[in-house]
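Participant:
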Amino acid sequence: MKKIVFGLCLILCTLCFVQCTSKQETNDEVYLFSYFTDDSRDGLRLAYSYDGLHWTALNDGKSYLTPTLGKDKLMRDPSICQAPDGTFHMVWTSSWTDRIIGYASSKDLIHWSEQDSIPVMMHEPEAHNCWAPELFYDEPSQTYYIFWATTIPGRHKEVPTSESEKGLNHRIYYVTTKDFKDFSETKMFFNPDFSVIDAAIVRDPKHNDLIMVVKNENSNPPEKNLRVTRSKDIAQGFPVEVSAPITGDYWAEGPAPLFVNDTLYVYFDKYRDHRYGAVRSLDYGQTWTDVSDQTSFPQGIRHGTAFKVNRSVLEHLMLSVKE
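Here our numbering = 1-based position in the sequence shown + 848.
Structure follows, in structure tokens:
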């Protein structure tokens, strides 16, 4: 009898240990958001959240990094990805009409390397732009993918367009790198039958595939909504057949997907309404609910990325006020 009781106690203690360990792991994770404001020459801003719904500006909403690159010296659409060694890598839109994208790295999100340009479209003299570059680290190949939207006149099937957007017909291009020193040749990444910008990728932890959210940028009639496509292997690309819109009867751009435990959020810029919004999926991207009225964001927040970090990273940010 004593052996049975002892055995039951041992099992209960083991279960408690597992639960406590799991809870500790969850408590060690917090969420950061890199973003810019309408004054994109002022640079990188960061916000944090514990639940994925309520976001608070860090550093009193002041910039962590002022841009020095590009024709217009902008820092729009900052995308940050943390490397396995803890280094944070960031790319951004440096100008409305550049054929480069900006790059910098940091160990703590406070002190940054010298800014550098990645000449992703310098081989295309007719390219109009390099917009909203995003970073994604592919663990199986230990490779970073950098992808962005570019218009090259006459390169793709024309889409009906409005007068204000005449000549703009974007597709998603990409390069890869392992060290941010050597880069692959620029290639097509996503080529649907509509003008597309603002691609962002998140890995589904349950199905172990990749979910990519993109903006349908067609302007006549206007779409201006977010769609989803999925792939098992980033090297094989994503199907160009996308989902129905996951956003509502408003114009949305700049999707930032983030898993908070088993809940998938996609944050986005309701840019005509001058506010931020979010949709949520409780079934790993199959169905979506608008939860914009349940969220709060820093004033003036614009397109960026949401990413998970260890709580110690946030604690260091909170203790360090950058002038």
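Quick reminder that beta carbons are idealized off the backbone N, C-alpha and C, glycines included.
1. Only counting the same chain, and skipping five residues up and downstream in sequence, which positions put a Cβ closer than 6 Å to that of Thr1034?
2. Confirm, please, whether the CB-CB distance from Gly1102 to Asp1138 is below 9 Å.
3. Quick check: what's the CA-CA separation for Ser911 versus Gly1096?
4. Is DSSP giving Gln930 helix, strand or coil here?
5. In the DSSP assignment, find the beta strand (DSSP E) that holds Met1036 and state where it starts and stops.
6. Which runs of the alpha helix (DSSP H) spanning at least 4 residues fall entirely within the region 1026 to 1109, listed in chain order?
7. According to DSSP, simplified to helix, strand and coil, what is Asn1158?
8. Spell out the partners DSSP gives Val1007 in its beta bridges.
9. For the region 1123 to 1134 against the region 912 to 925, are there 3 or more C-beta pairs whose distance is under 8 Å?
10. Looking only at its chain, what residues have a beta carbon closer than 7 Å to the beta carbon of Gly1148, apart from the 5 residues adjacent to it on each side?
11. My guess is that Thr1025 and Leu1016 are in contact by the Cβ rule of under 8 Å, so how many angstroms apart are they, rounded?
12. Among the candidates Ser1032, Pro988, Met1036, Ser965, whose CA atom is the shortest distance from the CA of Ile1000?
13. Between the region 898 to 912 and the region 991 to 999, can you find at least three pairs of beta-carbon atoms closer than 8 Å?
14. Scan the region 923 to 986 and note each continuous beta strand (DSSP E) run of 3 residues or more that stays entirely inside, going in chain order.
15. Given His1130, which residues of its chain have a CB within under 7 Å of its CB, disregarding the five upstream and five downstream residues?
16. Can you tell me where the beta strand (DSSP E) holding Ser882 begins and where it ends?
17. Would you tell me roughly how many angstroms separate the C-alpha atoms of Ala1083 and Phe984, rounded to the nearest one?
18. In the DSSP assignment, the beta strand (DSSP E) including Ile994 goes from what residue to what residue?
19. With C-beta atoms as the reference, is Val1157 less than 9 Å away from Glu877?
20. DSSP three-state label for Gly1125, please.
21. Identify the residues that DSSP records as bridge partners of Phe1116: which are they?
22. Spatial neighbours of Tyr951 within its chain, please: CB distance less than 6 Å, with the 5 preceding and 5 following residues excluded, ordered by chain position.
23. Measuring only the C-alpha atoms, how far is Met1166 from Lys1118?
24. Return yes when the Cβ of Tyr883 is within less than 9 Å of the Cβ of Gly1152, no when it is not.
25. Select from Glu1163, Cys929, Val1114 the residue whose C-alpha is nearest the C-alpha of Thr1143.
26. Pick from Glu1011, His1018, Ser1012, Trp996: whose alpha carbon is nearest that of Gly1002?
27. Going by the beta-carbon positions, is the gap between Ser942 and Asp908 smaller than 9 Å?
28. Go through its chain and collect everything with a Cβ distance to Trp960's Cβ below 6 Å, but skip five positions before and after it.
Facilitator: Let me spell this out:
1. So the list reads Val968, Tyr1021, Val1023, once near-sequence residues are dropped.
2. Annotated as distal: Asp1138 and Gly1102, with beta-carbon spacing of 9 Å or more.
3. Those two C-alpha atoms are separated by around 32 Å.
4. In the three-state DSSP reduction, Gln930 falls in the strand class (E or B).
5. Run containing Met1036: 1035 to 1038, per the beta strand (DSSP E) assignment.
6. Taken in chain order, the region 1026 to 1109 contains no complete alpha helix (DSSP H) segment of 4 residues or longer.
7. DSSP places Asn1158 in strand when its eight states are reduced to three.
8. According to DSSP, residue pairing for Val1007 in a beta bridge does not occur.
9. Result no; under three Cβ-Cβ pairs closer than 8 Å.
10. Within the same chain, Cβ atoms closer than 7 Å to the Cβ of Gly1148 are found at Thr885, Asp886, the five residues on either side in sequence being excluded.
11. Contact between Thr1025 and Leu1016 fails: their C-beta atoms lie close to 28 Å from each other, not under 8 Å.
12. Among Ser1032, Pro988, Met1036, Ser965, the Cα nearest to that of Ile1000 is on Met1036.
13. In the pairwise beta carbon analysis, the region 991 to 999 is classified as not touching the region 898 to 912: fewer than three pairs are separated by under 8 Å.
14. Fully enclosed beta strand (DSSP E) runs of 3 or longer: 924 to 930, 936 to 941, 949 to 954, 964 to 966, 979 to 986.
15. Here residue 1130 turns out to be Leu, not His, going by the sequence shown. Its chain contains Thr1111 as the residues whose beta carbon lies nearer than 7 Å to that of Leu1130, once the 5 sequence neighbours on both sides are disregarded; these appear in chain order.
16. Start and end: 877 to 883.
17. Rounded to whole angstroms, Ala1083 to Phe984 spans 12 Å at the Cα level.
18. Counting along the chain, the beta strand (DSSP E) containing Ile994 begins and ends at 991 to 999.
19. Cβ distance < 9 Å, so Val1157 and Glu877 count as in contact.
20. The answer is strand: DSSP assigns Gly1125 an E or B state.
21. Beta-bridge analysis with DSSP links Phe1116 to Gly1125.
22. In chain order, Val939, Asp964, Ile966 place their CB closer than 6 Å to the CB of Tyr951, counting only its own chain and leaving out the 5 sequence neighbours on each side.
23. Each residue's alpha carbon lies about 29 Å from the other.
24. Here Gly1152 is near Tyr883, since their CB atoms are less than 9 Å apart.
25. Per the Cα distances, Val1114.
26. For Gly1002, the closest alpha carbon among the candidates Glu1011, His1018, Ser1012, Trp996 is that of His1018.
27. Contact check for Ser942 against Asp908 fails: the beta carbons are separated by 9 Å or more.
28. By the criterion of a C-beta distance shorter than 6 Å, Trp960 is surrounded in its chain by Leu913, Ala952, Ser954, once the five residues flanking it on both sides are discounted.
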